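Colleague: Residue numbering for the sequence shown follows numbering that gives the first Met the number 0, starting at 0 and increasing by one per position.
By construction, the Cβ of each residue, glycine as well, lies at the ideal position given by its N, Cα and C atoms.
Here the structure is a predicted model, which means the values were calculated and not measured.
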Amino acid sequence: MADWAPIFVRVCLFVILSPGLLFQLPGMGRSIEFNNMQTSGISILVHTIIFFGLITITLIAIGLEINIG
0 MADWAPIFVR
10 VCLFVILSPG
20 LLFQLPGMGR
30 SIEFNNMQTS
40 GISILVHTII
50 FFGLITITLI
60 AIGLEINIG
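Structure below.
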(Lines of atoms letter the chains of each structure in order from A and count residues from 1; the text may use other names and numbers.)
(Lines give C-alpha, C1' and ligand atoms only; values in the text may rest on other atoms or scores of the structure.)
Protein backbone atom coordinates (compact mmCIF):
# COMPACT_ATOMS: atom_id res chain seq x y z
CA MET A 1 0.00 0.00 0.00
CA ALA A 2 1.42 3.30 -1.04
CA ASP A 3 0.84 6.67 0.55
CA TRP A 4 -0.31 8.96 -2.29
CA ALA A 5 -0.77 12.11 -0.20
CA PRO A 6 2.67 13.64 -0.92
CA ILE A 7 2.30 13.21 -4.67
CA PHE A 8 -1.32 14.41 -4.82
CA VAL A 9 -0.73 17.45 -2.61
CA ARG A 10 2.44 18.49 -4.44
CA VAL A 11 0.85 18.24 -7.89
CA CYS A 12 -2.24 20.20 -6.83
CA LEU A 13 -0.22 22.92 -5.11
CA PHE A 14 2.20 23.15 -8.04
CA VAL A 15 -0.67 23.81 -10.45
CA ILE A 16 -2.43 26.26 -8.13
CA LEU A 17 0.72 28.15 -7.14
CA SER A 18 2.35 28.45 -10.58
CA PRO A 19 3.20 32.17 -10.83
CA GLY A 20 0.94 33.91 -13.33
CA LEU A 21 -1.50 31.04 -13.83
CA LEU A 22 -4.18 31.97 -11.27
CA PHE A 23 -2.46 34.83 -9.48
CA GLN A 24 0.94 36.42 -9.17
CA LEU A 25 2.25 37.73 -5.89
CA PRO A 26 3.88 40.34 -6.20
CA GLY A 27 2.62 41.42 -9.58
CA MET A 28 4.42 43.53 -12.18
CA GLY A 29 2.40 46.69 -11.58
CA ARG A 30 0.38 45.89 -8.45
CA SER A 31 0.94 43.84 -5.34
CA ILE A 32 -1.25 41.01 -6.69
CA GLU A 33 -2.34 40.34 -10.27
CA PHE A 34 -4.68 37.68 -11.59
CA ASN A 35 -4.28 35.64 -14.80
CA ASN A 36 -1.46 37.61 -16.41
CA MET A 37 0.75 34.63 -17.49
CA GLN A 38 3.92 36.64 -16.81
CA THR A 39 6.40 36.10 -14.02
CA SER A 40 9.45 37.58 -12.35
CA GLY A 41 12.24 36.26 -10.15
CA ILE A 42 10.80 37.68 -6.94
CA SER A 43 7.40 36.21 -7.79
CA ILE A 44 8.94 32.76 -8.24
CA LEU A 45 10.68 33.12 -4.87
CA VAL A 46 7.47 34.16 -3.08
CA HIS A 47 5.46 31.32 -4.63
CA THR A 48 8.23 28.83 -3.71
CA ILE A 49 8.14 29.93 -0.07
CA ILE A 50 4.33 29.64 0.00
CA PHE A 51 4.55 26.19 -1.66
CA PHE A 52 7.09 24.95 0.90
CA GLY A 53 5.01 26.29 3.79
CA LEU A 54 1.81 24.62 2.60
CA ILE A 55 3.60 21.31 1.91
CA THR A 56 5.07 21.39 5.41
CA ILE A 57 1.70 22.11 7.02
CA THR A 58 -0.29 19.50 5.11
CA LEU A 59 2.18 16.63 5.16
CA ILE A 60 4.13 17.02 8.38
CA ALA A 61 2.01 19.02 10.83
CA ILE A 62 -1.39 17.58 9.88
CA GLY A 63 -0.08 14.15 8.83
CA LEU A 64 -2.27 13.78 5.74
CA GLU A 65 -2.35 10.25 4.31
CA ILE A 66 -4.11 8.87 1.23
CA ASN A 67 -3.87 5.09 0.93
CA ILE A 68 -5.01 3.43 -2.28
CA GLY A 69 -5.23 -0.31 -2.73
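1) When you compare only the Cα positions, how much space is there between residue 25 and residue 32?
2) Taking residue 46 as the reference, which of 13, 3, 1 has the closest Cα?
3) Can you give me the start and stop residues for the alpha helix (DSSP H) that residue 62 sits inside?
4) Would residue 30 be called buried (16 or more neighbouring beta carbons within 10 Å of its own) or exposed?
5) For the alpha helix (DSSP H) containing residue 21, name the first residue and the last one.
Modeller: According to the structure data:
1) Your numbering for residue 25 matches position 26 in the sequence shown. Your numbering for residue 32 matches position 33 in the sequence shown. In this structure, the straight-line span from the alpha carbon of residue 25 to that of residue 32 is close to 7 Å.
2) Walking along the sequence shown from the start, residue 46 turns up at place 47. Here the closest residue by C-alpha is 13.
3) Position 63 of the sequence shown, counted from the start, is the residue given in the question as residue 62. Looking at the DSSP string, residue 62 is not in any alpha helix (DSSP H), and its letter there is neither H nor E.
4) Locating residue 30 in the sequence shown gives position 31, counting from the first residue. By the neighbour-count rule (16 or more Cβ atoms within 10 Å), residue 30 is not buried but exposed.
5) Here residue 21 refers to the residue found at position 22 of the sequence shown. Element bounds for residue 21: n/a, residue is neither H nor E.
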